[in-house]
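Everything below concerns the one structure shown next.
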C-alpha cells in the first residue's frame with residue numbers, strides 16, 4: 005500500500021483548514037461533483053479537426069479507458085483536460101475548475117504520466133522526484149520518495165541518472181513522479197507503451213493498487229485492449245475526434261457481439277457496425 | 003508555502019525547486035561548468051592584450067586605460083546574463099520536460115523567477131574567476147568601479163532578462179527551430195549598443211536607434227567613468243526607464259506567446 009502523506013484522510017493540515025474555509029470542497033460537496041466534466045469540447049487546427057465536440061463526465065474514484073487509434077484525439081483530449089491546450093470551443097472542468105483558466109486551483113491535486121514526456125536525463129531519480137515533490141508542495145518529500153521507491157521497486161535506482169535507465173525503469177520513475185503528490189486525478193497516456201508484457205503487467209498492478217488505496221479517478225488513454233479490459237470499468241471509444249461509443253467493457257462486448265475489446269475496437273476502427281446492429 | 007494552503011499564492015519553494023533542478027544539472031556536467039568560464043576568459047584575454055598593444059602606440063589609449071577590458075566584462079554580463087536565462091529554459095525543451103512543468107502547480111512568474119536566479123548563478127560562476135584574471139593579467143579591477151558597477155550591472159542584467167524572456171517565448175511558441183535565436187540575438191546589439199566605441203561614431207540615423215537601447219547608456223557611462231572619471235547618473239536613470247519599458251514588452255510578449263503555444267498545442271510537442 006502506498007504511504008499516505010499528512011493525516012488519515014491523506015490531506016495536509018493546511019488543506020484540511022482550506023476545506024473548513026470552503027476553499028476546497030468538503031467530501032459531501034465532492035461526491036456530487038464529477039472529477040472530470042467535458043462538455044462539447046472541440047479542438048480545431050488549421051490542419052483539421054482533432055477533437056470534435058465531445059462530452060463526458062467521470063465520477064470520482066472511477067477508472068475509465070480512452071480508446072482510439074492514432075489521430076483519434078485521445079492525447080489532445082487529455083492535454084485539454086490538463087490545461088496544456090486551449091480548446092477551440094466547449095469546456096473541460098477538473099474538480100469543478102475550468103481548464104486552463106482556473107488550473108492553479110486544482111493542479112496540485114492532479115498528475116500525469118506519458119512515455120512521450122521525459123524527465124531531465126542527467127538528474128538522478130531521487131533528484132527528479134525531489135524537484136517534483138517540491139513543486140507539488142509535498143510535505144516531508146524525503147519520506148514520500150522513500151515510500152514510492154519501496155512501492156515501485158526503485159530503491160536501487162534512486163541514485164542513478166534517469167537517462168541511463170531502461171525503458172521499463174523509466175516508466176516506473178515516471179509513475180513515481182505521477183504519484184508523488186498522491187493525486188486525486190491521474191491521467192495516463194499509454195502508460196505501458198514500449199514495455200515488455202511482464203513490466204507492463206507489473207505497472208498495471210501498481211495503477212490498480214493506487215486507485216484502490218487512494219480512491220483516485222483515473223483516465224487512461226491506451227491502444228492496449230487487454231490493459232483497458234483489465235483496468236477499466238468504463239470505456240470511451242474515440243474515432244476521428246468523436247466519441248463512437250461509451251459504456252462498460254461488458255456492455256460493449258454484448259452490444260457488438262464480440263468476445264474481446266480488441267474485436268470491438270477493430271469493428272469501430274474499420275466502421276463495421278453490422279455486428280453491433282445485429283446484436284441489437 | 004504549500005499550494006494546498008493558498009492556491010493563488012506565489013511560492014518561493016517552487017522557485018527553489020526549479021533552482022535546485024538547474025543546480026543538480028550544473029553539478030552533474032563539467033562541460034556545462036567549463037563553458038561558463040571558457041569564452042569570457044578567452045575574450046577578456048584577447049581584448050586585454052590588444053589594449054596593451056595599442057596603449058603602447060597611442061597616447062589616447064594610454065589615458066583611456068581599461069575601456070576595452072571594461073567593455074568586454076560588461077558586454078559579458080549582458081550576453082551571459084541572457085544566455086544563462088535562455089539556456090536554463092532550453093534545458094527543459096531538450097529534456098522534453100516542459101509538459102511536466104506546465105501541468106504542475108509551478109506558475110509562469112515562478113518559472114521566470116527561477117530562470118532569473120539561474121542567470122545570476124551562471125553569471126557568478128563565469129564572471130567571478132574572469133574578473134579576477136583581469137586583475138592578475140592587466141591590473142583592471144572591475145570591482146573598483148564601486149557603486150557605478152552596481153548601476154551598470156542592474157541595467158545590463160535587466161536588459162538581458164527582458165531579451166531572455168522574449169526569446170524563451172519564441173522558442174516556446176515555435177519549438178527548437180527557434181533555438182538559434184538564443185545564441186545569436188545578442189550579437190545584433192553588439193554593434194548597435196556601441197560596446198567598444200562611442201555613439202558618435204555611428205551615422206546620425208543609427209545613433210537614434212542606439213539611444214533607444216538601454217545598454218548603450220551603460221557603455222557610454224563606462225567610458226565617461228574610465229576616461230573622464232565622471233559617473234553619469236542621468237544615463238543610468240534613462241537606461242532604467244528604458245529597461246522598464248523593455249521588460250513590460252517582453253513580459254507581455256511572453257504571455258502572448260505562451261497563450262499562442264497553448265492554442266497551437268506546442269507545449270506537448272517541444273521538438274523542431
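Residue numbers (my numbering), protein chains in the order written: chain A, 5 to 284; chain B, 3 to 274.
Backbone N, C-alpha and C fix where the C-beta goes; we use that ideal spot for every residue, glycine too.
Asked: Whole-number beta carbon distance between residue 136/B and residue 46/B, since they are thought to touch under 8 Å; Found: 6 Å
Asked: Environment of residue 143/B [buried if 16+ CB atoms lie within 10 Å]; Found: exposed
Asked: Local conformation of residue 242/A per DSSP, three classes; Found: strand
Asked: CB-CB length for residue 39/B against residue 128/B, believed under 8 Å; Found: 5 Å
Asked: Below-8 Å beta-carbon distance, residue 175/B vs any chain A residue; Found: no
Asked: Proximity test, Cβ basis, 8 Å: residue 144/A and chain B; Found: no
Asked: Exposure of residue 160/A, with buried meaning 16 or more beta-carbon neighbours within 10 Å; Found: exposed
Asked: C-alpha gap between residue 260/B and residue 259/A, whole angstroms; Found: 45 Å
Asked: Short CB-CB distance (under 8 Å) between residue 102/B and chain A; Found: yes
Asked: Interface flag, residue 90/B vs chain C, CB-CB below 8 Å; Found: Of the protein chains in the structure, A and B, none is chain C.
Asked: Endpoints, the beta strand (DSSP E) within which residue 116/A is located; Found: 114-117
Asked: Same chain, Cβ closer than 6 Å to residue 197/B, five either side skipped, listed in chain order; Found: 73, 77 and 221
Asked: Where the beta strand (DSSP E) containing residue 258/B begins and where it ends; Found: Per DSSP, residue 258/B belongs to no beta strand (DSSP E); it is in the alpha helix (DSSP H), 235-266.
Asked: Terminal residues of the beta strand (DSSP E) in which residue 256/A lies; Found: Note, residue 256/A: premise wrong, no beta strand (DSSP E); alpha helix (DSSP H) at 253-260.
Asked: Inter-residue Cα distance where the pair is residue 112/B and residue 275/A; Found: 48 Å
Asked: Start-to-end residues for the alpha helix (DSSP H) that takes in residue 148/B; Found: Neither: residue 148/B is in no alpha helix (DSSP H) and is coded neither H nor E.
Asked: Integer-rounded CB distance, given that residue 263/B should sit under 8 Å from residue 175/B; Found: 5 Å
Asked: DSSP state of residue 190/B mapped onto helix, strand, coil; Found: helix
Asked: Distance CB(residue 116/A)-CB(residue 105/B) smaller than 8 Å; Found: yes
Asked: Minimum C-alpha distance to residue 146/A - residue among 168/A, 173/A, 48/A and 184/A; Found: 184/A
Asked: With 16 other Cβ atoms within 10 Å as the buried cut-off, status of residue 269/A; Found: buried
Asked: Proximal residues to residue 26/A (C-beta, below 6 Å), its chain only, five neighbours per side dropped; Found: The pLDDT assigned to residue 26/A is 38, lower than 50, so where the model puts this residue is not dependable, and the model offers no usable value.
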